[in-house]
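Worksheet: the structure to be examined is printed underneath.
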Amino acid sequence: MKKLNRRTFIHGSLGLGAATVVGSAALTSFGQETEDIAPILPPVERKDYRGPNAIIIRFGGGVRRKESIKEETTYSPFLLHELVPKGTFFPKMEIAQIEDLATSHGEGTLNIVTGKYDRYKDVGGKLFGSRFEAKVPTVFEYLRRFYTVPEHQTLIINGEDRIDEEFYTFSNHHMFGASFRSNVLSLYRFKTFLLAEQIKAGEFKDKEHARKEEDLKKMRALDHRAKTPVQSPEIQAFWHNWKRHYGTSGFVNPRGDRLLTELAVRALKELRPRLMMVNYNDCDYVHWGNASHYTRGISIMDEGLKSIYAAVQSDAGYRENTIFAIVPDCGRDSNRFVEVPFQHHFGGRSSHEIFGLFIGPGFKPGQTVDRVIQQVDVAPTIGNAMGFKCEFAEGKVLSEAIA
Amino acid sequence: MSGEVESQRERSAPSRAGCIWRTGALIWKYLVGVFLCGGLVSAVAVVGWSLRLVQRYTLSLWWNKSRRNGDFEDFIGAHDKLSQHVHWPNWFLRQNFSQTKDELGLIRSLFHSLWQNVRIGALGIFNTWVLTAPSGFLWVFAWYSGWDNSFNKGYEQFWVGPATGWIGIFIYIAVMLYLPAAQARQAVTGNWRAFYDFGLIRKIIQRRRLAFLILAGLYSAVSVPAFVMRAAPGIFGMKLPPEMTEAQVLSWLQNYYFYCSFFVFPAYVFLRLAAGRIYANAVAELYETGEIRYEELDDFEQRIFHHMELTHEEVEPAGIVEQARGCMGFLMRPGIVFLTCLLWFSFIAQVFVTQFVFFDPIVTWINQPLVQIPAFEYVPSRLKGSVRGIEFPFMLAAFWLFTIARKFFVRRP
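In order, the protein sequences belong to chains A and B.
Going by this note's numbering, 524 is the number at position 20 of the first sequence; the sequence numbering is gapless.
Going by this note's numbering, 389 is the number at position 359 of the second sequence; the sequence numbering is gapless.
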């Protein structure tokens, strides 16, 4: 963080004064461009963004190195054989062994996007809840704070099983926050959009109408920090196209992690995101005992990775201008004392052991860096590639990867 | 084995020495029971031994109710077919070994009790599984199909797994309302067919609703440490040195489950004895009041009641107090049944919760150590080199084939 000197303080105070007058009038809809949002923060000159696009692949929920990047036992051949040679590969990335630091999906996701470890607790106090709020900004917020990137071009593609992660779009940091939030594409958001449309079109009558309105209110209220619950016009147009293509039954569109791949590929075409994160998760189903769910889940992610990479390569706007950061949210245990050895909540060594791969402009191809690095190094490294500094991150820019 | 021989001698030994021998015998029997709980096959002998112990215990309870004077052991010893119950059942040696070893020959006498334990245990577990295995297999299917469907996002058939699971749960609860009494009846009568005396067992359960409610609570409470112990390797396994070899891990787990059996074995026996006590008291009361007739009793029970001179009395018409008590009981019945079902549900819930922490694909669903076979061993299949429990159905089938063959081809003297 910049040191507070007299000049900065005076500038900040003037800005704060101006913002107090203008701010409340400007904050009408979170779908609007941030130019409309008055600076209640220290003024930053926001530039047009001309840097590379970035796609973060959360290769999760929870994979061990053994089933992903080890040659003899991999279930992700595209990742290992096609992508690793194209970028800088960190096979010894890990999640730090800090007391009470959980190795799990929500925590890992926030480690990746904020560049800081934290002992997250569910904001509602729920026992197994993962409704976390980051205290420091995410890469989405950094990007939108410093560049004029609209909200619909910073996306998180989220699965239907982890609704809590829908709301990792912004931190509660006083200098960033909701004004610079990203947006989310997920089945949950589509259902919310659809329900709103159906209510608006008068498809429900009487008591059913009241019930559906109540349902919609609950669905929107899940994001208790949102100023307004409606997504931007661009996202709504996206959902219109989705609905036109796949209908409304939910039985026609791809499912599970394949759904995330499809959302990502369509988003690339229609929304042209500058920064996108895809939160794969289905391999986590191994929690309930079926080992093939783990390995099959990894294979499905690998196929998704292939589809997204192919979509990027076939798009002139993305081909030479997109970086990939592929990193698991966490590892999995290797508990030989039980029938199913790969859970991830018990702090085993392999649940901390992950990997990182950076591909694209600004990163050295065909390089493997065989030293131990941290999961929190991802955000500063992406920031460096995209042209902003993650000033509140504790991770470091991975200089070996920089071309 | 020396403990069993010594327990035969103690009757004629001075009292202090007898006490020492009894203690030694008890420790011996306890340790053998713990050891045998280490595998599905060996634990069948524990089932049989427990059933024999319940039979002895029930006889002693009925003796306390009888009008005859004298020592229980003296009475038992005086009857040929009951003399085996003078002492606690043996694991290996024929009962009253020093007096009876010449009747069957030395070799057969050395292992007669083992054969009895296995035979009675197989009969016991067979009947128990007739009732409990269907829900167990429903759970196997429900868990697998439910999670497989969730993974594949088969929305159209989302209901199959949960519905199958719930059907299994309801069937299991219904079975457990019946099973403890049926197991006790089989133990007491020594007759596997008596397990299916639905009418009589129903009367016993109705007579002792509150006692069976408490028994359900005991099952649920006692199973908590058992399930914690089962799940524990899933948690602290991560804290052990990762350099341990597979052989060391296997050895560690086998030792761990052996020590767990120090709790599981007595817990299993305790629950059996508790059910036996409820059964014995209920039968005695029902017979006394004429609600069961002499003809409804099993042959064994008839002989016992005859020899012990347990009679039934003419019951006077119920007075106002008895009638009021009867009404209160009638009103409370649904509540007691509901609570009993709830307690059995809490027992089942532990099975499911443990599967989340420490998943076992098949054995845990169809075998709960406190209900079926008290085998407490959950070493992962890959360490043993075979699917856990796979040997059991083959052993059981071999046993049944042997029993049938023996019945047809071996002539009794």
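Where a beta carbon is used, it is the ideal one built from N, C-alpha and C, also for glycine.
Being a predicted model, the structure only gives us computed values, none of them experimental.
* Asked: Per DSSP, what kind of secondary structure is B:Met274 in: helix, strand or coil?
  -> Sequence index remark: in the second sequence, residue 274 of chain B carries index 244 (1-based). Of the three classes helix, strand and coil, the one that applies to B:Met274 here is coil, per DSSP.
* Quick one: Cα of A:Thr618 to Cα of B:Ala246, how far? -> Taking the first residue of the first sequence as 1, we reach residue 618 of chain A at position 114. Taking the first residue of the second sequence as 1, we reach residue 246 of chain B at position 216. Cα to Cα, the separation comes out at about 52 Å.
* Asked: If we cut at 9 Å on Cβ distances, does A:Asn839 have a partner in chain B?
  -> Here residue 839 of chain A is taken as the residue at index 335 of the first sequence, counted from 1. Yes, contact with chain B.
* So, is A:Asp540 buried or exposed, given that buried needs 16 or more other C-beta atoms within 10 angstroms? -> Taking the first sequence and counting its residues from 1, the one referred to as residue 540 of chain A is at position 36. Since pLDDT at A:Asp540 reaches only 42, below the 50 mark, its modelled position is unreliable, and the value read off the structure follows with that caveat. So A:Asp540 counts as exposed.
* To do: Count the CB pairs spanning the segment 372 to 386 of chain B and the segment 235 to 246 of chain B that are closer than 8 Å, and state whether there are at least three.
  => yes
* Beta-bridge pairing of A:Phe828 - partner residues as DSSP gives them -> Along the first sequence, read from residue 1 onward, the residue named residue 828 of chain A stands at position 324. Paired residues: A:Ile559, A:Ile863.
* At least one CB of chain A closer than 9 Å to the CB of B:Leu70: is that the case? -> Numbered from its first residue, the second sequence carries residue 70 of chain B at position 40. By this cut-off, B:Leu70 is not an interface position.
* Asked: Quick one: what does DSSP say A:Met890 is sitting in, helix, strand or coil?
  -> As a working mapping, residue 890 of chain A is identified with position 386 in the first sequence. In the structure shown, A:Met890 sits in a helix (DSSP, three-state: H, G or I).
* Looking at the unbroken alpha helix (DSSP H) that takes in A:Asn745, where does it start and where does it end? -> For the purposes of this step, residue 745 of chain A is identified with residue 241 of the first sequence, where counting begins at 1. Run containing A:Asn745: 737 to 750, per the alpha helix (DSSP H) assignment.
* To do: Would you tell me roughly how many angstroms separate the C-alpha atoms of B:Val367 and A:Ala682, rounded to the nearest one?
  => Here residue 367 of chain B refers to the residue found at position 337 when the second sequence is read from its first residue. Here residue 682 of chain A refers to the residue found at position 178 when the first sequence is read from its first residue. Cα-Cα distance, rounded: 55 Å.
* Asked: According to DSSP, is A:Lys590 helix, strand or coil?
  -> Against the first sequence, residue 590 of chain A aligns to sequence position 86. Residue state, collapsed to three classes: helix.
* Own chain, CB closer than 6 Å to B:Ser250, minus 5 neighbours either side, in chain order -> In the second sequence, counting from the first residue as 1, residue 250 of chain B sits at position 220. Result list for B:Ser250: Leu373, Ser376, Phe377, in chain order.
* Asked: Along chain B, in chain order, which residues have C-beta atoms closer than 7 Å to that of A:Tyr482?
  -> The structure shown does not extend to residue 482 of chain A, since chain A spans only 505 to 907, so no value can be given for it.
* Asked: Using the rule of at least 16 other Cβ atoms within 10 Å of the residue's Cβ for burial, across every protein chain shown, is A:Ile559 buried or exposed?
  -> Reading the first sequence from its first residue, position 55 is the one you call residue 559 of chain A. Result: buried.
* In the segment 111 to 178 of chain B, which residue ranges form an unbroken alpha helix (DSSP H) of at least 4 residues, counting only runs that do not cross its ends? -> 127 to 134
* To do: Report yes or no: is there a C-beta of chain A within less than 9 Å of the C-beta of B:Asp110?
  => Counting from one through the second sequence, the residue named residue 110 of chain B turns up at place 80. Chain A, which has no Cβ nearer than 9 Å to the Cβ of B:Asp110, makes this no.
* Can you tell me which of the three DSSP states A:Ile573 falls into? => By 1-based counting over the first sequence, the position of residue 573 of chain A is 69. Note: A:Ile573 maps to coil in three-state DSSP.
* Three-way DSSP call (helix, strand, coil) for A:Val782 in this model -> In the first sequence, counting from the first residue as 1, residue 782 of chain A sits at position 278. Collapsing the DSSP output to three states places A:Val782 in a strand.
* Delimiting residues of the alpha helix (DSSP H) encompassing A:Ile703 -> In the first sequence, the residue the question calls residue 703 of chain A occupies position 199. Its alpha helix (DSSP H) spans residues 691 to 704.
* To do: Have a look at B:Ile234 and B:Pro399 and give me their C-alpha separation to the nearest angstrom.
  => Reading the second sequence from its first residue, position 204 is the one you call residue 234 of chain B. Reading the second sequence from its first residue, position 369 is the one you call residue 399 of chain B. The alpha-carbon atoms of B:Ile234 and B:Pro399 are separated by roughly 25 Å.
* Where do the ends of the alpha helix (DSSP H) carrying A:Asn615 lie? -> On the first sequence, position 111 is the one that residue 615 of chain A refers to. In this chain, the alpha helix (DSSP H) harbouring A:Asn615 covers 609 to 618.
* Asked: For A:Val624, which of helix, strand or coil comes out of DSSP?
  -> Translated into the one-based positions of the first sequence, residue 624 of chain A becomes position 120. What sits at residue 624 of chain A in the sequence shown is Tyr, not Val. In the structure shown, A:Tyr624 sits in coil (DSSP, three-state: anything other than H, G, I, E or B).
* Buried/exposed call for B:Pro272, threshold 16 Cβ in 10 Å -> Position 242 of the second sequence, counted from the start, is the residue given in the question as residue 272 of chain B. Under this definition B:Pro272 is an exposed residue.
* To do: Kindly list the residues whose CB is nearer than 8 Å to the CB of A:Asp806, restricted to its own chain and excluding five residues on each side of it in sequence; keep chain order.
  => In the first sequence, residue 806 of chain A corresponds to position 302, counting from 1. Closer than 8 Å at Cβ, skipping near neighbours: Tyr579, Ser580, Pro581, Phe582, Leu583.
* To do: Any chance you could list the beta strand (DSSP E) runs of at least 3 consecutive residues sitting entirely within the segment 660 to 691 of chain A, in chain order?
  => Within the segment 660 to 691 of chain A, complete beta strand (DSSP E) segments of at least 3 residues are found at 687 to 690, given in chain order.
* DSSP three-state assignment for B:Gln398, whether helix, strand or coil -> In the second sequence, counting from the first residue as 1, residue 398 of chain B sits at position 368. Here B:Gln398 sits in coil by DSSP.
* To do: Please state whether DSSP places A:Glu537 in a helix, a strand or coil.
  => One-based indexing of the first sequence puts residue 537 of chain A at position 33. With a pLDDT of 38 at A:Glu537, under the threshold of 50, the modelled position of that residue is not reliable, and the figure given next carries that caveat. The DSSP-derived three-state label of A:Glu537 is coil.
* Asked: Which of helix, strand or coil does DSSP assign to A:Tyr651?
  -> Here residue 651 of chain A refers to the residue found at position 147 of the first sequence. Three-state result, A:Tyr651: strand.
* **Cα-Cα separation between B:Arg149 and B:Gly78, rounded to whole angstroms** => Against the second sequence, residue 149 of chain B aligns to sequence position 119. Against the second sequence, residue 78 of chain B aligns to sequence position 48. Each residue's alpha carbon lies about 7 Å from the other.
* Beta-carbon neighbours of B:Tyr185, restricted to chain A and to distances below 7 Å -> Taking the first residue of the second sequence as 1, we reach residue 185 of chain B at position 155. Within 7 Å Cβ-Cβ: Gly754, Phe755.
* Could you confirm whether any beta carbon from chain A is found closer than 9 Å to the beta carbon of B:Gly267? => The residue labelled residue 267 of chain B in the question sits at position 237 within the second sequence. Yes - at least one Cβ of chain A is within 9 Å of the one on B:Gly267.
* Run of the alpha helix (DSSP H) containing B:Pro192, from where it starts to where it stops -> Here residue 192 of chain B refers to the residue found at position 162 of the second sequence. Note, B:Pro192: alpha helix (DSSP H), 190 to 219.
* Can you tell me the Cα-Cα spacing of B:Val71 and B:Thr370, whole angstroms? -> Counting from 1 along the second sequence, the entry for residue 71 of chain B is found at position 41. Counting from 1 along the second sequence, the entry for residue 370 of chain B is found at position 340. Roughly 31 Å separates the two Cα atoms.
* Where does A:Glu904 fall in DSSP's three states? -> On the first sequence, residue 904 of chain A is found 400 positions in, with the first residue counted as 1. It is helical.
* Could you tell me whether any Cβ in chain B is nearer than 9 Å to the Cβ of A:Val873? => Against the first sequence, residue 873 of chain A aligns to sequence position 369. No, no contact with chain B.
* To do: Might you give, ordered along the chain, the residues of its own chain that have their beta carbon closer than 6 Å to the beta carbon of B:Val62, omitting 5 neighbours on each side?
  => Here residue 62 of chain B refers to the residue found at position 32 when the second sequence is read from its first residue. Contacts found: Trp121.
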